[in-house]
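Before any comments, here is the structure.
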Amino acid sequence: MRHILSILVENEAGALSRIAGLFSARGYNIESLTVAPTEDPTMSRMTIVTSGSDDVVEQITKQLNKLVEVVKVVDLTEGSHIERELMLVKVRASGKDREEMKRLADIFRGRILDVTDKCYTIELTGTGHKLDAFLQSIEPGVILETVRTGASGIGRGERVLRI
Amino acid sequence: MQLTGAEITIRCLQEEGVEYVFGYPGGAVLNIYDELFKQNKVKHVLVRHEQGAVHAADGYSRSSNKVGVALVTSGPGVTNAVTGIATAYMDSSPMVVLTGQVPTHAIGQDAFQECDAVGITRPCVKHNFLVKNVADLAMTIKKAFFLAVTGRPGPVLVDIPKDVTQATTEFAYPKTVSLRSYNPVTKGHTGQIKKAVQLLLDAKRPMVYAGGGVVLNDAAPQLTRLVRLLGFPCTNTLMGLGGFPATDPQFTGMLGMHGTYESNMAMQHCDVLLAVGARFDDRVIGNPAHFYRSDRKIVHVDIDPSSISKRVKVDVPIVGYVADVLDEMVKIIESSAQRPEPAALKAWWAEIKEWQRKDCLKYDAKSSLIKPQFVIQKLYELTHGDAFITSDVGQHQMWAAQYYKFDKPRRWINSGGLGTMGFGLPAAMGVQLVNPGATVACITGEASIQMCIQELSTCKQYHLPLKLINLNNRYMGMVRQWQELFYGNRYAESYVDALPDFVKLAEAYGHVGMKIEKPGDVEGALREALKLTDRLVFLDFITDQTENVFPMIPGGKGLTEMIFAEEL
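So the protein lines, in turn, are chains E and D. Sequential numbering of the first sequence, starting at 32, is according to my numbering. Sequential numbering of the second sequence, starting at 170, is according to my numbering.
Okay, here's the thing in structure tokens:
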């Protein structure tokens with residue numbers, strides 16, 4: 032099962048490698064990992080998308096909590112939550128494709144950030160599925176480059192993660 | 170007052186009440202050594218290899234429950250220390266390891282004797298720090314000592330660049346430490362404890378399984394009270410030996426891969442299992458799928474939540490210091506009118522007695538060759554079970570665990586988790602230093618002892634009168650045993666040819682050496698060695714090469730799938 036873990040960590044050198052090292056040393060999966068400082072610059076928030084049985088995810092959570100620099104861990108998938116990922120995709124946009132590409136970007140509520148006579152760079156946000164759907168809807172040969180941030184997540188409603 | 174980083178380091182150790190630092194000097198730690206030299210509160214023990222320093226600090230800690238401290242230089246000093254650090258980590262020993270680092274401006278430049286100490290040790294420490302600013306040094310060392318002993322103990326490494334030891338700052342040793350990200354649960358949940366006690370009182374076929382957590386948390390008195398109050402059988406893991414008195418009739422012996430038949434059978438067939446400070450590891454329960462039984466309830470008390478329901482699902486998890494939890498259990502039972510049903514308990518004990526009749530530890534005592542088990546038994550008798558015993562890793566370790574009956578905690582010091590050959594001798598040095606006057610014996614084998622043999626020189630320098638019991642079978646015995654049982658007698662590289670003359674070797678280091686070749690000479694030699702209370706004695710026992718450790722659960726098998734000596 033896919034799980035989204037939200038982690039508050041001390042914003043210290045080495046915290047990221049401790050967490051990444053834990054996943055590799057114990058053989059856990061990381062599908063994606065995002066991290067950046069929070070409104071409190073001494074703390075960073077990380078979103079890790081992982082997969083495993085309930086037992087494995089329970090162990091992951093416990094092992095993360097054991098790390099001295101980890102302040103708090105929440106499994107967002109335990110409750111209702113919002114998940115977003117950002118993708119920048121550079122596509123070939125010339126000739127008859129140019130108009131079609133613009134239309135497709137509009138349908139997916141993407142924004143064209145950069146234009147040349149031959150290509151567009153499109154920004155898209157959404158769940159991973161939506162980004163996948165966009166990529167599947169265009170011809171693979173048209174895609175020049177993609178970059179994705181991995182999912183960031185937050186609980187719905189009053190559910191907050193803070194110390 | 171303005172102090173240098175080196176002065177601060179030593180002042181911090183003094184403030185922590187550190188008696189001994191085990192270490193080895195080098196370029197990056199010269200300033201710290203210079204400050205060590207100028208004072209006499211903290212004594213330094215100069216080892217012959219950094220691995221020895223960390224094992225010695227570990228042995229010191231395990232036998233005393235004080236924090237062990239090691240000090241090594243950058244680069245190879247750190248990499249040599251890694252085995253010791255990983256050993257301490259696996260067995261949850263509270264330690265602080267101070268490492269020198271190249272100056273901050275040289276970090277990342279591939280400087281001479283540079284290595285990423287924090288990176289290399291990250292997976293085998295409880296936590297580690299690189300101190301980049303002298304202003305952070307005192308607080309970091311304070312944090313290191315705090316982290317080492319609280320919650321589940323473990324080694325903490327502090328990496329100190331050379332320029333930080335030279336820089337100056339105002340010094341005041343912090344009185345308290347708080348880490349917002351570190352709040353281990355230390356008090357067991359009362360509701361859960363009550364639930365656990367009810368399960369225990371209602372049990373018909375109870376079993377108590379206690380591990381190293383009992384020893385580490387000094388919970389042996391509480392465990393002993395609880396077990397005696399309930400009248401339940403009790404087993405100890407390899408790390409837990411001494412946590413419950415081995416000569417108590419309620420003790421069923423060690424369990425696990427080389428545990429007793431009765432302990433393993435009782436573990437498998439009990440209806441309520443109380444696990445305390447133990448972690449159901451592979452050498453204890455074997456195959457978890459085989460161990461699983463739907464009609465067995467498990468109560469698990471441990472300081473580390475990640476040890477609970479890791480390999481075995483439990484019914485009543487209790488996270489907290491085991492001493493306090495056991496204390497609370499005793500209080501609840503004492504104030505309750507209910508006791509375990511005597512008839513059920515009697516029937517259960519009758520079943521256990523039947524298993525005990527198998528006498529699974531018997532061996533050929535009439536052999537004309539020295540049986541290793543016999544040496545341990547004699548050592549046990551002659552030291553009245555009151556010696557500190559360290560061991561290396563292999564057959565001798567298992568025989569020591571099986572045949573030396575530990576009645577007190579912190580008397581049995583071995584590398585259980587990592588299984589580090591070479592641990593025994595340096596660990597014994599730490600044990601002897603913190604227990605001067607006590608009999609400290611290292612039970613070892615001719616393969617293990619050679620992994621840290623250079624420490625014989627340290628023993629001479631510090632007048633450590635250890636007794637080394639070398640069970641010399643000319644083989645890496647446990648490797649040979651597996652090759653005999655599972656690899657068709659193909660003894661690949663397990664025979665050790667060209668062994669040194671250990672008597673001469675001991676003498677060359679300035680110690681007493683003895684070679685014992687006949688069973689009839691075992692007792693006399695041990696008596697003579699024990700009488701030499703001011704000398705290290707190396708006893709080289711030439712033992713039966715074919716002897717194996719039994720009972721044995723083959724790898725991947727279940728607790729009831731033991732094989733016995735007589736079956737082969």
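Heads up, the beta-carbon is just placed ideally off N, CA and C, and yes, glycines get one too. Just so it is clear, the structure is predicted and the values come from calculations on it, not from any experiment.
Output yes or no for whether 8 Å exceeds the beta carbon distance between D/Q639 and D/D709. Here residue 639 of chain D is Asn; the residue named in the question, Gln, does not match the sequence. Yes. Within cutoff.
DSSP three-state label for D/H438, please. helix
Determine whether the Cβ of D/H438 lies closer than 8 Å to any Cβ atom of chain E. no
Would you kindly work out how many angstroms separate the C-alpha atoms of D/P688 and D/G646, rounded to a whole number? 19 Å
Where do the ends of the beta strand (DSSP E) carrying D/F655 lie? It is not in any beta strand (DSSP E) - D/F655 instead sits in the alpha helix (DSSP H) that spans G646 to F655.
Could you tell me whether any Cβ in chain D is nearer than 8 Å to the Cβ of E/G58? no
Would you call the segment 670-689 of chain D and the segment 702-722 of chain D in contact, with 3 or more CB pairs under 8 Å? yes
What's the gap between the Cα of D/M426 and the Cα of D/R649? 16 Å
Is it the case that the Cβ atoms of E/S75 and E/V40 are separated by a distance below 8 Å? yes
Beta strand (DSSP E) containing D/G192: first to last residue? Y189 to G192
Counting Cβ pairs, one atom from each stretch, are 3 or more of them under 8 Å apart for the segment 463-480 of chain D and the segment 488-495 of chain D? yes
Is the beta carbon of D/G357 closer than 8 Å to that of D/D493? yes
Beta-carbon proximity check, D/L701 vs D/V681, cutoff 8 Å: yes
Cβ closer than 7 Å: which chain D residues qualify as neighbours of E/R123? Under the 7 Å cutoff, chain D gives no residues; its nearest Cβ is about 41 Å from E/R123.
Going straight from the alpha carbon of D/Q542 to that of D/K535, what length do you get? 12 Å
Inter-residue Cα distance where the pair is D/Q546 and D/Y572: 6 Å
Is it buried or exposed for D/F281, if we count other Cβ within 10 angstroms and need 16 for buried? exposed
How big is the Cα-Cα spacing for D/A597 and D/D528? 32 Å
From which residue to which residue does the alpha helix (DSSP H) around D/G689 run? P688 to K700
Test: D/S478 CB closer than 8 Å to a CB of chain E: yes
CB contact flag (D/L514, D/T429, <8 Å): no
Pick from D/H632, D/L326, D/E615 and D/G591 that is closest to D/P605, judged by C-alpha positions: D/H632
Start-end ranges of the beta strand (DSSP E) lying completely within the segment 348-426 of chain D, minimum 3 residues: 375-379, 403-405 and 420-423
D/F413, buried or exposed, once every other Cβ within 10 Å from all chains shown has been counted against 16: buried
How should D/K344 be labelled, buried or exposed, when 16 other C-beta atoms within 10 angstroms of its C-beta is the threshold for buried? exposed
For a contact defined as C-beta to C-beta under 8 Å, what are the partners of D/Y351 on chain E? V99
Check whether chain D comes within 8 Å of E/S48, counting only Cβ atoms and requiring the distance to be less than that. yes
For D/R649, verify whether its CB is less than 7 Å away from any heavy atom of the ligand GDP. Among the ligands in the structure shown, none appear at all, so the ligand GDP cannot be discussed.
Between D/V287 and chain E, is any beta-carbon pair separated by less than 8 Å? yes
In whole angstroms, what is the alpha-carbon distance linking D/I454 and D/G725? 9 Å
What in chain E is Cβ-close to D/S475, meaning under 7 Å? Q90, K93, Q94 and K97
Sequence ranges, beta strand (DSSP E) only - wholly within the segment 209-289 of chain D, length at least 3: 212-215, 237-241 and 264-270
Three or more C-beta pairs under 8 Å: does that hold for the segment 182-201 of chain D against the segment 183-192 of chain E? no
My assumption, with CB atoms under 8 Å, is that D/M376 sits in contact with D/M423. Please give the rounded CB distance. About 14 Å; that fails the 8 Å criterion.
For E/R140, count neighbouring Cβ atoms within 10 angstroms of its own Cβ and tell me buried if that reaches 16, exposed if not. exposed
Partners in chain E for D/P292, counting only beta-carbon separations shorter than 7 Å: G52 and A56
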